[in-house]
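All the letters of the sequence shown, read from the start, carry residue numbers 1 to 666 under UniProt numbering.
Virtual Cβ for every residue (Gly too), placed ideally from N, Cα, C.
Here the structure is a predicted model, which means the values were calculated and not measured.
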Amino acid sequence: MVVEPVRPRTSPAVVVAMLSCCGIVVSLQQTLLLPLLPDLPRLLGTSADSASWLVTATLLAGAVATPTISRLADMYGKRRMMVVALVVSVAGSLLGAVSQALPLLIGARALQGVGVALIPVAIAIMRDELPRDRVPLGVALMSATLAIGAGVGMPLSGLIVEHMDWHASFWLTGLVGVVLIAGTLTLLPESPVRTSGTFDLRGAILLSVALTAVLLALSKGGQWGWTGPRTLGCLALGVVVLAGWIPLELRTPRPLVDVRVAARRSVALVNLASVFAGFSMFVNMLVTTQLLQMPRETGYGRGLDVLHTGLWMVPNAAAFGVMAPVSAWLTRRFGPQVTLVGGSLLMGATYVGRVFYNADLAQIVIGSVVVGTGTAMVYGALPTLIMRAVPVTETASANGLNVLLRSLGTSTASAATAAITTASVLTVGGRDLPTLGSLELLFWLAAGAALAAALIGVPMLRMREYAEAADRSGAENTGRAQIVKGQVLSLKGNPIRHAVVTVLTPDGRAVDWGQADGEGRFTAAVPEPSDYLVVTSADGWRPRSRMMTLDSAAPIPPIVLRERLTLRGTIRDSAARPVADALVVLTRSTGELVATVRTDHEGQYEVPRPQNGRYVLTVVGPGEALGARTLTVWEEARDFDLVLGTPLGADVSDRTVDPGSSSLPT
């Protein structure tokens, strides 16, 4: 047995501080240039439409890079991919610092956008490295860095505009990024928690095409026209490619995004809530800045410049930092579900209040801060919910998808803001500016999105997947995580695809779980070599549980599922005599053919047990005697008998039996 050297311990405070600094710098890269956009057409000698690509390029690059780098982090090392993301973003900063041409600046902004991908990777590192009781605080701080960076970026950008050349924003983020690269390599340990397999290049390309098309439509729809051919064409392309990408991922042994894990109710609910939360969060930033910057002649604007607008946005960013420990305490005390629902309700109620109270500076700032407080609670809870619902080896990629969906929500908010504020305008000093009614409509939409996130969170309150026992991070795992690999086979040695392997301690506490790929192979993380209870299940097979010694240094013997579950029964005529050679057809209630078989000499039939659901059993006997009935298949094997001679469709009883029953009378 090869004994790996013990990794040097890194202080949890150092890990959190280092990762949070990386997040703040990434956010700065995204926001420092935004206040300069009105002046960039003049500075670069181009049109406003062309200059807007400096924002669009960052958005697209971040969306494409996030799932790709997150998956690579799970496979090849999280610290390594963090360094890659930082190096690429620093290269973008340095390119922008020395460029004057628009194409080069667009490329620089695209490279900077890659840095967004380190956010989910950093969250995954926290799960691997921090003691259990510090994970919620670390995750809340990491989620808050995006708002903190944006809050610092706006006044900092104002200072740069007033006192320095605009290229200084690139120099600043580039130099700080170099320092962070050195700090990451020096202070952060490389996590041993990795998954196996090869990178899904086809899936990455197709997803990138789909995301690029959809986000182009959302970000450029206001300029191209929402019903224009380019906007509709991009949307159609994105939907078509995404429709082809999903079945491809289902067939890929190690997909870029594990669609089956993402489709689990516990994961899907969190991701859906993230879209609405992202929408609600971004409306706060967009509308608040407009309320502060619009001229006083509009009747509602405060007429502030970029610097003072940024300064009044600082309290909103500070709320994120202050609320991080509060969000962590709520998560530990009441659970992340309660934190999510409570934060969403606070956001929604505040937005409703902002519709009626936005007449002066104090009301605008206080409303923004309270919305930010609720957002901090929600954003602190979302990664914890994801981590408790997915295997340890899928942490980075699952959080990457979650961050991507939040970005989809913010992009939708940006598109909605552009569409609504340009549809309802008033003319002030020769300029068309949004009306107060359009901004209040956005508040109503944001309130609705926050309420939707809260309603989505309600079913989570009773779901055991989010229980603290499901959080496999913790001090007992720090520095000693073991990745074990195995394979699930049938008695004939054939791999059983998509089997689920759950690892528990001998006293029944959750450790980790993994889902087998197309070759039946799975990975799981355990805190140390020991004996564990391993529960293996697969649709259509009788589950198997056994005690196994799991050690990354020793191969796990194949887990063999011995018994294939079947659906069987006996076909008889009206005189109760078995009917031989009758045609038995099983179809889904939605019409698809499942199986066709003939009865044996004793009138018996047997087919592999289909997936849980509703089915129709049809029998054609001698003399074209017909019989049919509906079935509900669930859990254990069932015997379904049928008497011929009744009119087709007359026997339509829909009955199931308890797991101990072996037959069902007709």
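Among SER169, LEU104, ASP165, whose alpha-carbon lies nearest the alpha-carbon of residue 688? Since the first residue of the chain shown is 1 and the last is 666, residue 688 is not available in this structure.
List the endpoints of the continuous beta strand (DSSP E) containing MET142. Not the beta strand (DSSP E): MET142 falls in the alpha helix (DSSP H), residues 135–163.
Could you please give the first and the last residue of the uninterrupted alpha helix (DSSP H) stretch that includes GLY23? 12–31
Tell me whether SER327 is buried or exposed, calling it buried when 16 or more other Cβ atoms sit within 10 Å of its Cβ. buried
Within 10 angstroms of the Cβ of ALA475, are there 16 or more other Cβ atoms? Answer buried if so, exposed if not. The predicted model places ALA475 with a pLDDT of 40, which falls under 50 and marks its position as unreliable; any figure quoted below should be read in that light. With fewer than 16 Cβ atoms within 10 Å of its Cβ, ALA475 is classed as exposed.
Looking at the structure shown, is GLU606 part of a helix, part of a strand, or coil, going by DSSP? strand
Can you grab the Cα-Cα spacing for the pair THR444 / ARG354, in whole Å? Correcting the residue identity first, residue 444 is Trp in this sequence and not Thr. Using only the alpha carbons, I get a separation of about 9 Å.
Can you give me the Cβ contacts of LEU405 inside the same chain, cut-off strictly under 6 Å, excluding the 5 residues immediately before and after it? ASN271, SER274, VAL275
According to DSSP, is GLY299 helix, strand or coil? coil
Go through its chain and collect everything with a Cβ distance to ARG77's Cβ below 6 Å, but skip five positions before and after it. Before going on, a small fix: residue 77 reads as Gly here, not Arg. Answer for GLY77: GLU190, listed in chain order.
State the start and end residues of the unbroken beta strand (DSSP E) segment that holds PHE199. Note, PHE199: premise wrong, no beta strand (DSSP E); not H, not E.
Whole beta strand (DSSP E) elements within the segment 538–609, 3-residue minimum: 544–550, 559–561, 566–572, 583–588, 593–598, 604–608
Taking only three categories from DSSP, how would you classify GLY100? Here residue 100 turns out to be Gln, not Gly, going by the sequence shown. Looking at GLN100 - three-state DSSP - the assignment turns out to be coil, as it is neither helix nor strand.
Would you mind listing the beta strand (DSSP E) stretches within the segment 365–428 that are 3+ residues and don't spill past its ends, in chain order? 425–428
Round the Cβ separation of VAL633 and LEU567 to the nearest angstrom and send it over; I've been treating them as touching at under 8 Å. 7 Å
Thinking just about the alpha-carbon of each residue, which of MET18, SER11, LEU118, LEU102 is nearest to the one in ALA396? LEU118
Does GLN489 come out as helix, strand or coil in the three-state DSSP assignment? According to the sequence as given, residue 489 is Leu; it is not Gln. LEU489 falls in the strand class under three-state DSSP.
How about THR198 and ARG254: do their beta carbons lie closer than 8 Å? yes
Looking at the strands, I want to know which residues DSSP matches up with residue 668. Since the first residue shown for the chain is 1 and the last is 666, residue 668 is missing from the structure and cannot be characterised.
In angstroms with no decimal places, state the Cα-to-Cα distance between ALA263 and MET463. 15 Å
Buried or exposed (CB count within 10 angstroms, at least 16 for buried), GLU528: exposed
Where the alpha helix (DSSP H) through PRO229 begins and ends: 229–251
What are the partner residues of ARG431, as DSSP defines its beta bridges? VAL428
Nearest-angstrom Cα separation, counted from GLN363 out to TYR357: 6 Å
By DSSP's criteria, GLY627 is part of a beta bridge. Which residues make up the other side? VAL619
Segment contact, 8 Å Cβ cut-off, at least three pairs: the segment 601–618 with the segment 554–569: yes
Between the CA atoms of VAL87 and LEU180 - distance to the nearest angstrom: 10 Å
In whole angstroms, give me the CA-to-CA distance for PHE279 and ALA449. 7 Å
Skipping 5 residues on each side, what residues in its chain have a beta carbon closer than 6 Å to that of THR195? ASP74, MET75, THR393, THR523
Indicate whether GLY514 and ILE496 have their beta-carbon atoms separated by less than 8 Å. no
Beta-carbon proximity list for MET1, same chain, < 6 Å, skipping 5 on both sides: Reliability fails at MET1, whose pLDDT of 34 lies under 50, so the model's placement of it is uncertain and the value that follows must be treated cautiously. So the list reads ALA553, once near-sequence residues are dropped.
Leaving out five residues on either side along the sequence, give the residues of the same chain with a beta carbon under 6 Å from the beta carbon of TRP166. LEU36
Check this for me: beta carbons of VAL139 and PRO383, under 8 Å apart or not? yes
Secondary structure at THR289, three-state DSSP: helix, strand or coil? helix
Hey, would you say VAL64 sits closer than 8 Å to SER208, going by beta carbons? yes
Take THR309 as the anchor and find which of THR289, PHE320, PRO295, ILE483 has the nearest alpha-carbon. THR289
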